[in-house]
Each structure stands twice: as structure tokens, then as C-alpha cells.
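Before any comments, here is the structure.
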Amino acid sequence: MYNLLILIAIIVLKVECHVINQSMDSKLNSEYIKAHNKKIVAIENKNVSDTKSVYRDKIENRLYLDDVIFALNNQNWTKEEENCRKQILMLLQNLQNFTLWAVWDWDTQSSEPQGLLFGNRYQLGNFDQCMNSPWADTHKELRRKYCLADIVLERTIKNSLNITKNHFSPYQSTLEYIEYRPPHTRPLNELTWGMCVPESCGAPTVERLLEVMLARSHLGVAGMSTNIKITEPCQKYNDHKEFDTLFYAFFGLIGLLTVLCLICTYLNYKNKEPGPDTLRCQIVKAFCLKENATDLLKVQKGRLEVLYGIRFLTICLIVLDHQLGIYNAGPISDGYTSDQIVKTMLGHLILHDDLFVDTFFFLSGFLTLTAFVRFKKFPCPVIIIVKRYVRLVVALAVVVFYMCAVFPYTGSGPLWQRAVTQESDHCRKNWWLNILMVNNYINTENICLVISWYIPCDFHFCVLTILLFWLYKHIPRLGFACFTIVGIVSLVLPGILNYVNNLSAVQLFTFEFVVNPRGNKEYHLTYIKSHTRFAAYMVGVYAAFVYTKFSAKEDLTKIYKKWALLGVLSALTLMLVVMITGSAFLWRDYHPIEGAIYAALNRPAWAFGVALFVLCCSFGRVPVVKSLLTWYPWVPLSRLSYGLYLTHSIIITRNVFVTRNPQHNDYFEILNTTAGVIFWGSIAALVLWLLAEAPANKLLAMLLKPRTIECPSNDDKINDKPQISPETILGVNDQNYCSKM
Numbered sequence: 001m002y003n004l005l006i007l008i009a010i011i012v013l014k015v016e017c018h019v020i021n022q023s024m025d026s027k028l029n030s031e032y033i034k035a036h037n038k039k040i041v042a043i044e045n046k047n048v049s050d051t052k053s054v055y056r057d058k059i060e061n062r063l064y065l066d067d068v069i070f071a072l073n074n075q076n077w078t079k080e081e082e083n084c085r086k087q088i089l090m091l092l093q094n095l096q097n098f099t100l101w102a103v104w105d106w107d108t109q110s111s112e113p114q115g116l117l118f119g120n121r122y123q124l125g126n127f128d129q130c131m132n133s134p135w136a137d138t139h140k141e142l143r144r145k146y147c148l149a150d151i152v153l154e155r156t157i158k159n160s161l162n163i164t165k166n167h168f169s170p171y172q173s174t175l176e177y178i179e180y181r182p183p184h185t186r187p188l189n190e191l192t193w194g195m196c197v198p199e200s201c202g203a204p205t206v207e208r209l210l211e212v213m214l215a216r217s218h219l220g221v222a223g224m225s226t227n228i229k230i231t232e233p234c235q236k237y238n239d240h241k242e243f244d245t246l247f248y249a250f251f252g253l254i255g256l257l258t259v260l261c262l263i264c265t266y267l268n269y270k271n272k273e274p275g276p277d278t279l280r281c282q283i284v285k286a287f288c289l290k291e292n293a294t295d296l297l298k299v300q301k302g303r304l305e306v307l308y309g310i311r312f313l314t315i316c317l318i319v320l321d322h323q324l325g326i327y328n329a330g331p332i333s334d335g336y337t338s339d340q341i342v343k344t345m346l347g348h349l350i351l352h353d354d355l356f357v358d359t360f361f362f363l364s365g366f367l368t369l370t371a372f373v374r375f376k377k378f379p380c381p382v383i384i385i386v387k388r389y390v391r392l393v394v395a396l397a398v399v400v401f402y403m404c405a406v407f408p409y410t411g412s413g414p415l416w417q418r419a420v421t422q423e424s425d426h427c428r429k430n431w432w433l434n435i436l437m438v439n440n441y442i443n444t445e446n447i448c449l450v451i452s453w454y455i456p457c458d459f460h461f462c463v464l465t466i467l468l469f470w471l472y473k474h475i476p477r478l479g480f481a482c483f484t485i486v487g488i489v490s491l492v493l494p495g496i497l498n499y500v501n502n503l504s505a506v507q508l509f510t511f512e513f514v515v516n517p518r519g520n521k522e523y524h525l526t527y528i529k530s531h532t533r534f535a536a537y538m539v540g541v542y543a544a545f546v547y548t549k550f551s552a553k554e555d556l557t558k559i560y561k562k563w564a565l566l567g568v569l570s571a572l573t574l575m576l577v578v579m580i581t582g583s584a585f586l587w588r589d590y591h592p593i594e595g596a597i598y599a600a601l602n603r604p605a606w607a608f609g610v611a612l613f614v615l616c617c618s619f620g621r622v623p624v625v626k627s628l629l630t631w632y633p634w635v636p637l638s639r640l641s642y643g644l645y646l647t648h649s650i651i652i653t654r655n656v657f658v659t660r661n662p663q664h665n666d667y668f669e670i671l672n673t674t675a676g677v678i679f680w681g682s683i684a685a686l687v688l689w690l691l692a693e694a695p696a697n698k699l700l701a702m703l704l705k706p707r708t709i710e711c712p713s714n715d716d717k718i719n720d721k722p723q724i725s726p727e728t729i730l731g732v733n734d735q736n737y738c739s740k741m
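Encoded structure:
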């Protein structure tokens with residue numbers, strides 16, 4: 001009896017559950033049809049069971065894919081696009097069935113943009129998953145390629161919404177927020193979207209697919225139109241660049257120099273007893289690694305040891321500035337935060353940091369004149385110019401060779417072709433302009449190495465200074481008058497050009513500049529031109545006259561401690577004021593005369609502050625500062641500054657554009673990365689010095705024997721002549737001119 005009752009209860013429960021399930025399925029199917037017709041999903045009951053939640057998610061996904069399929073089927077496809085259309089539809093249909101290869105492909109990309117309102121421009125998806133599917137070798141029909149599309153969002157109906165006064169009101173239209181772009185910030189209506197598509201798909205088909213997907217995203221709700229363009233070739237599976245002749249030639253040259261240096265180092269070590277200074281011995285010493293490394297460690301005693309620290313710390317600050325700029329121009333997830341920093345005090349300290357380069361110009365002019373005035377008889381100007389050119393061009397040539405031959409092969413990623421290959425192409429086309437020291441005047445829109453503009457400027461300044469000083473030595477009054485005229489012209493000319501061309505008061509490191517420096521008007525007209533950057537160098541020349549005059553008088557070689565401290569504080573205050581007032585021009589109304597005056601005075605004023613700082617530390621006692629700047633480790637590091645200057649931007653560019661996903665703008669991480677760039681840049685500079693720079697300079701000195709150059713006596717030699725730096729008198733020192741190497 002009990003068994004019969006239990007059996008009846010079970011049957012009743014099964015029938016009831018079956019009825020409930022049928023009712024539930026009927027309700028969900030009705031809901032699905034209704035949502036499909038209206039192309040929305042509306043499940044209002046928040047307390048549905050877990051089973052209903054699963055059904056709801058499934059419906060939402062099916063609705064989205066059905067919408068995409070429906071939109072693609074109603075497009076006008078050309079005959080060439082038919083194969084791509086079939087593969088995309090097959091992908092979507094298999095995605096509904098949860099087939100592995102389809103889910104794998106769809107999982108590689110963002111179905112819709114994320115973080116765009118917070119400045120996340122790059123929607124890159126998963127580049128490596130797209131390019132390296134496990135079945136790419138066995139199923140060629142499932143191979144994919146990765147395409148980058150640039151998208152601009154535009155309102156379909158102009159002026160249809162009222163513009164609110166508060167552009168950050170939470171109740172305003174998102175269209176207004178996207179379209180509003182404060183000065184010097186990144187646009188929020190532009191994005192770069194990476195897509196993983198079948199290899200048969202051409203650029204127009206991919207653009208059409210993106211348009212369909214974007215229209216069904218949260219950004220397409222308001223009916224925004226899209227301008228989508230794919231301007232560069234898509235990256236394919238196994239689409240690796242083949243090593244060309246230049247690649248093998250570069251490593252062949254480096255290998256040859258390495259073997260030669262190792263052999264000469266062994267021969268020099270084996271020949272311990274000093275013998276006759278024959279040509280063979282001089283060549284061996286020129287390539288000896290030990291001899292060249294020892295030269296880096298030599299300290300020139302005198303009053304100018306502070307220049308070692310100033311030089312290396314300045315190049316470190318320049319590396320930090322370029323790290324911030326290039327990093328901010330790359331893929332970051334919080335561009336909004338970075339843009340807001342422009343308005344803060346930190347932004348004022350960052351935007352006008354290009355003044356650090358004028359510190360190098362000052363040091364170059366200062367050390368050039370300090371070396372020249374010590375000569376009893378001035379050497380032949382042509383010889384000095386040749387030595388200066390060789391000192392600058394050897395390391396530059398090796399780095400440009402590397403950019404042309406090797407750099408494109410050192411990384412990969414969704415943005416690699418766009419950022420790095422373009423840099424390499426510029427160098428392959430215009431390398432000869434760098435070698436001839438005219439790259440800051442000719443074809444500057446395609447300059448090889450954006451930071452290389454500094455080197456021809458420094459060379460031009462040195463050549464002009466050599467000629468003026470030669471004239472001064474032979475006709476003192478005329479030479480002094482020419483120095484004065486050149487100084488006045490260098491001071492006034494930037495202001496005149498600024499006023500005539502209606503330029504901003506100063507070139508600042510804003511977002512517009514760092515994202516495309518070659519496209520900036522000020523960069524081409526005033527920032528990189530020698531005739532507009534000469535003033536800071538001339539301040540160094542005049543400071544050298546003051547230094548040599550007072551250093552020759554024993555009673556004037558000391559400054560009381562309190563006056564030295566006051567001078568150092570005044571110098572730092574002046575430099576800080578110049579930097580902050582330059583950044584303030586971003587937010588002030590433009591006045592041509594005011595801008596012209598600041599453009600003319602800001603760089604020489606900064607250089608004057610550096611000059612006051614150097615003279616106070618040289619003639620006075622500034623305990624903590626002087627001890628820091630004369631720390632011995634700065635000696636070899638400062639001599640590697642030139643190589644670090646040449647290589648650091650290459651390392652930064654690679655680090656930024658091998659990234660697969662937008663990075664968070666964390667300042668501790670930026671400092672950490674900068675330290676790594678300085679370390680590896682210094683290692684690269686050391687290699688450049690040992691294998692190329694030092695041997696070339698010594699070989700040139702052998703060719704230009706002292707019979708053509710009269711060397712100063714030991715009493716007349718300059719006390720401090722640092723050997724290596726992009727901003728110092730490279731090649732003009734006692735080791736280059738004297739018979740004793």
C-alpha cells in the first residue's frame with residue numbers, strides 16, 4: 001500500500017515538473033522572439049532563479065550574434081568579398097555552437113570598446129592568441145591575420161543636443177562629453193581597434209565588420225556614425241621579415257670590430273715591456289679594450305669636477321622626460337588621468353623640460369672656449385673641425401646603422417609595424433643627412449631619430465665658435481666684435497621668428513607634440529634649427545671667458561661660503577622660474593610680443609642660471625652640492641653620456657610598442673623603467689665607446705701627427721677636459737692634440 005502511494009507521488013511530481021519546464025520554455029521562447037524582433041533583451045525580474053539566469057545569458061549572446069549575422073547578410077558584398085563573408089558567417093555560426101576554433105578566434109578581440117571615456121584609445125585584443133593558434137600549421141583554412149583600424153566617432157545629427165556649461169556633469173549627454181576636448185588633451189572620439197579576421201578578408205571588408213560591431217555596442221546606441229580606416233598592411237601568421245643584407249652587414253661589422261679589439265687587447269697585454277712607439281704599437285693600443293676602458297676612469301683634477309655630475313644627472317633627467325613622453329603617447333588605459341596632470345604643478349615641471357638640452361649646449365660652449373684659451377698658438381681650424389666631426393659622427397653612424405638594419409627585427413606586437421617600422425624606414429631613406437650633419441634643416445618631416453637634431457646643432461655651434469675664436473686670436477678687436485654681434489643675433493632671432501610666424505611662446509611637451517613630433521610646426525621652424533638654439537651655447541662661451549679670467553688670478557679664485565650658497569640658490573630659483581613660466585603659457589591668452597620676448601630670453605636665462613651655478617661651485621664652497629656632483633662614479637658615467645643620449649630613445653620606443661595591452665600610468669613603474677633604460681643605455685654606450693668611438697679617435701690622432709699641431713705645455717693645459725658627452729667639446733682636449741697619447 002505504501003509502495004503504491006509513493007509510486008503515485010513520484011508520477012505526479014514528474015508530470016508537474018514536466019508541465020513547469022514546458023511552461024518555462026514556452027515563456028522564454030516567447031521572450032526570445034519578442035526581444036529578437038525588437039533587437040533588445042529585457043528581463044525585468046531580478047529575482048529569477050539560476051536556471052533563468054543561464055537562459056537569459058544564452059539569449060543575450062544569441063541575440064547579439066544573430067544581429068551581427070543579420071546585418072552582414074544585408075550588406076552589399078562584392079564578388080571579391082564573398083569568400084571573406086562566408087568565413088565570417090561560418091565563424092559566427094560555429095561560435096553559437098561553441099566550437100573551439102570559433103570561440104578561440106572571437107576570444108582574441110574585444111567585442112566592443114572599453115575604457116574609451118577614460119582615455120583608453122587602444123582596443124588591441126589578444127594579438128598573440130590571434131597569430132599563434134595551435135592548429136595554424138595543420139588547418140590552413142583557419143589561419144587568421146591581425147588588422148589595426150583607426151576609428152573616428154561622429155554625431156549623425158549635428159547640434160541636436162544642447163551643450164551644457166559643465167562638461168563633466170553626470171547627467172549630460174555622452175556625445176557632448178566625447179566631443180568636448182580641452183586644450184592639450186587626447187581626443188575621446190578616436191580609437192584604434194585591433195581585429196582578428198580570416199586571411200582572405202581585405203581592408204574594406206574588415207572596416208564593414210567593425211562598423212557592424214560598433215553599431216551594436218554601447219557606443220552605437222546614440223546613433224553615432226563612424227569613420228573607419230585601415231591604412232597599413234595586416235599582420236599574418238608567420239609573416240616575419242626576412243633578414244636582409246644590411247642585417248648581416250651590421251653584425252658582420254660588429255663581429256669584426258669585436259675580434260679586432262680582442263686580438264689587440266691580447267697583444268697589448270702580452271707586450272708588457274714598453275718599446276718604441278711604432279705604428280703597429282699605436283694601432284694595437286687604439287683597439288685595446290683595456291686602454292680604452294682606462295681612459296673612461298681618468299679624472300682631470302681642477303675646479304670643474306662638478307661638470308661630471310651635472311652632465312650625467314642632466315642626461316638622466318632627459319631620459320626620464322622622454323620616457324614620460326613616449327609612454328604617454330603609447331597605449332595607456334588611463335589617458336584621462338595623464339591629461340589632468342597637465343593642469344597641476346607637476347605638469348608645469350614636466351612640460352618645459354626641454355630646457356635640459358640647453359644645459360648641454362651651455363656645457364659644450366663653456367668647455368670649448370675653456371680649452372681654446374689655453375693654447376699658446378691656436379691649431380689649424382680645419383684640424384679641430386675634422387676631429388670634432390669624427391668624435392660626433394662615429395657613434396651616430398653606428399646607431400643609425402642599427403636603426404636601419406636591426407631595429408625592426410627586435411620586437412613584435414599589434415603596434416610594432418606602425419611605430420617602429422616607420423622609424424626604420426625614415427633612417428633607411430635619410431641616413432646620409434645625419435652623417436652630413438644637415439638633418440635638422442633638410443627633410444625634417446622624415447628625420448631619422450627624432451632626438452638626433454641635437455647633434456648637428458652642436459657641430460654647427462662648434463664650427464662657428466672655432467672660426468670666431470681663430471679670428472679673435474689673429475684680429476682681437478674684430479673677433480671680439482663678431483662674438484658680440486653673434487651673441488646679440490642669437491638672442492634676438494628666436495623672438496623675431498616667433499613673432500613673424502605667430503608661434504607659441506615655447507615648444508612644450510604636450511600630448512599633441514609627443515604623439516607626433518615630426519608633425520609639429522614649432523618643431524620644424526624653431527625647435528631643431530641651429531640658428532634658433534645658439535643663445536644657450538653663447539652663454540657658455542661668455543661664461544668660459546669669465547672663468548678663465550678669474551681662475552688666472554689667485555686672489556680671486558675663492559668665493560665666501562655664504563655668497564657661494566646664495567649664488568647657487570639664486571641660480572636654481574632662476575631656472576625654476578623659467579621652467580614654470582614657460583608651462584604657464586598653455587593657459588594664458590596669446591600675445592605675440594609677450595610670446596616673442598619669452599621665446600628670445602627663456603633659453604639664455606636658463607643657461608645663465610647654469611653658468612652661475614657652475615661658477616659658484618667652482619670658485620666657492622658649497623659642501624653638500626659640490627660633494628654630490630664630484631662623486632667619482634660620475635666620471636665614467638658622464639663620459640658615456642653621448643652614447644646614452646643616442647641609444648635611450650631606441651630602448652624606450654621598443655619597450656612601449658612591444659606592449660600587447662594598454663598600461664596603467666604608474667609613476668613608480670615609470671621611474672623603475674627609466675632606471676632600466678639608463679642602465680642598458682649606458683651598457684650600449686660602453687660598447688660603442690670600446691668598439692668604435694675610442695679606436696676611431698685614436699686612429700685619427702695618429703693620422704694628424706703633432707708636427708701639424710702645436711700642443712700646449714703642461715702648465716697651459718686645461719684642468720678639466722671631459723672626453724665624452726653629446727654636449728661637451730668632444731675631440732678638443734690634450735689627449736687629441738698632444739704627442740703623448
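Letter 277 of the sequence shown, counting from 1, is numbered 277 in full-length UniProt numbering, and no numbers are missing. No residue lacks a Cβ here, since even glycine has one placed at the ideal position from N, Cα and C. Predicted model, so just to flag it, every value in this text is computed and none were measured.
Query	Result
Euclidean distance between Cα positions of A599 and F461	19 Å
Residues of its chain near A136, where Cβ-Cβ distance is below 6 Å and the 5 sequence neighbours each way are ignored	R143, Y237
Own chain residues within Cβ distance below 7 Å of F480, not counting five before or after	Y472
Selection from L629, H648, Y499, I650 that minimises the alpha carbon distance to Y590	Y499
C196 - partner residues in DSSP beta bridges	Y146
Same chain, Cβ closer than 8 Å to P636, five either side skipped, listed in chain order	L296, L297
Through-space distance from N126 to S49, alpha-carbon basis	Residue placement at S49 is poorly supported in this model, since its pLDDT is 43, which falls under 50; the coordinates are not used for a value here.
Residue from A395, V393, H531 whose Cα sits closest to the Cα of L493	H531
Distance, V622 Cα to T630 Cα	11 Å
Minimum C-alpha distance to N602 - residue among L188, F356, K301	F356
Spatial distance of A684 from I178 (CA atoms)	44 Å
Length at least 4, wholly inside the stretch 485-526: the alpha helix (DSSP H) runs in chain order	511-515
Whole-angstrom C-beta distance between V152 and N120, which should lie under 8 Å	With 8 Å as the limit, N120 and V152 do not qualify as a contact, their Cβ atoms being about 16 Å apart.
Buried or exposed (CB count within 10 angstroms, at least 16 for buried), V382	exposed
Reference V319, options T673, V438, W431, K698, closest by Cα	T673
Where the beta strand (DSSP E) containing S225 begins and where it ends	225-229
With 16 other Cβ atoms within 10 Å as the buried cut-off, status of Q507	buried
Run of the alpha helix (DSSP H) containing V539, from where it starts to where it stops	534-551
Assigned exposure category for I485 - 16 Cβ within 10 Å defines buried	exposed
Paired residues, beta bridge with I332 - DSSP	Q663
DSSP bridge partner residues for Y122 (one or two, in chain order)	T192
Straight-line gap, Q235 to C201 (C-alpha atoms, nearest Å)	12 Å
At least 3 beta-carbon pairs within less than 8 Å: the stretch 387-406 vs the stretch 447-456	yes
Buried or exposed by the 16-neighbour rule on C-beta atoms within 10 Å, applied to V394	buried
Residue nearest to N487 in terms of C-alpha spacing, selected from L503, A536, Y441	Rather than Asn, the amino acid found at residue 487 in this sequence is Gly. Cα-wise, what sits closest to G487 is A536.
Three-state secondary structure (DSSP) of L153	strand
Distance, F70 Cα to H139 Cα	28 Å
Three or more C-beta pairs below 8 Å linking the stretch 199-214 and the stretch 357-372	no
Beta carbon of N697 nearer than 8 Å to that of R391	yes
Distance between K270 and E291 (C-alpha atoms, nearest Å)	13 Å
Beta-carbon contacts of T510 that lie in its chain and below 6 Å, excluding the five residues immediately before and after	H184
Span of the alpha helix (DSSP H), counted from its first residue to its last, around S641	641-657
Simplified DSSP state of K298, which is helix, strand or coil	coil
F401 - containing alpha helix (DSSP H), residue span	381-405
Per-residue burial, D321 [other beta carbons within 10 Å of its own, 16 or more giving buried]	buried
Cβ contact (3+ pairs, closer than 8 Å) linking the stretch 309-318 and the stretch 86-96	no
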